[in-house]
Amino acid sequence: MIEDVSGFVIDMDGTVYIGGEVIPGATEFIGFLRSKGIPFVFLTNNSSRSRGYYLEKVRDMGLDASIENILTSAVATERFLLDQRPGKRVYVLATPEVQDEMREAGIPLTEEDPDIVLLTFDRTITFDKINKAYSFIMAGAELVATHPDDLCPTEGGYDVDIGAFICMFEYLTGRKATVVGKPNPLMLDMAAAEMGAERESTVMVGDRLYTDMRMAQDCGIRSILVLSGETTEEDLRGSSMRPTYVVGSVGEIPGLL
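Per my numbering, the sequence shown starts with residue 130, numbered consecutively.
Listed below in structure tokens is the structure:
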């Protein structure tokens, strides 16, 4: 049984939904947390859409959530830049929606002579954008990325995520990227702060070994791996990650509480 939980940090893609389909039991799980007064934050590395988009998406699926329950790697990166790189001019590879969100957050975006090149999950990416980013990095701009994921789960399988693009830019430029999203402990710190919870007593719920479970293991918190998304039992057997619990889906978690 899971005891003394100050809050749940819950992945989204592959954990509560896949593409546009809610995972069976997810609505009931969130309802259970609400009924017990247990805080939670949805934590996604997917930086292709805005925080408001994800709120509308989970609400449309019947999940009881507010904007404070949503934290994306894009929002986390905005906060990182404002706190750790104040005033730095940013060239961002992002969808128009995410660019707008960053402007509203106060990030000084530019198309010329940036201090930082920011890589997000840009579904509108082009060779022109890639070449421009490469030139800026070679001219001295720092490379920052919202998250390291290789693939993004969809209804039809998986889409290529930005992990390969990070590797490409690092290889071509010889520069190492600063990656803000999971498994960076910074994401867990921000999620705990959103809930007003002690980080050490939070529980991470997710479907990925190299982001969700890695962050939990590195931070010394309990974790629940769900097998509804990317990770299979075979993947787990071949991994150094050791989740505290393994379940088929989030629908089984109330039985552990």
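Glycine residues also receive a C-beta, built at the ideal position from the N, C-alpha and C atoms.
- Classified as buried, N174 has 16 or more neighbouring CB atoms from the shown chains inside 10 Å of its CB.
- Under DSSP, L200 shares a beta bridge with L172.
- With a cutoff of 8 Å on beta-carbon distance, E359 and P282 are scored as near each other.
- C-alpha of M316 to C-alpha of D257: approximately 31 Å in a straight line.
- Between S378 and I152, the C-beta spacing is below 8 Å.
- Nearest to Y220 by alpha-carbon distance, out of I382, N198, A262, is A262.
- Comparing alpha-carbon positions, the option among I291, S176, T239 lying closest to A270 turns out to be T239.
- Taking 4 residues as the minimum length, the alpha helix (DSSP H) runs contained wholly in the region 279 to 361 are 292 to 302, 314 to 324, 343 to 348, in order along the chain.
- Residue environment for L192: buried (at least 16 other C-beta atoms within 10 angstroms of its C-beta).
- Per DSSP, A268 has no beta-bridge partner at all.
- Going by DSSP, F158 is part of the alpha helix (DSSP H) stretching over 155 to 165.
- Secondary structure note for L238: it is in no beta strand (DSSP E), with a DSSP letter that is neither H nor E.
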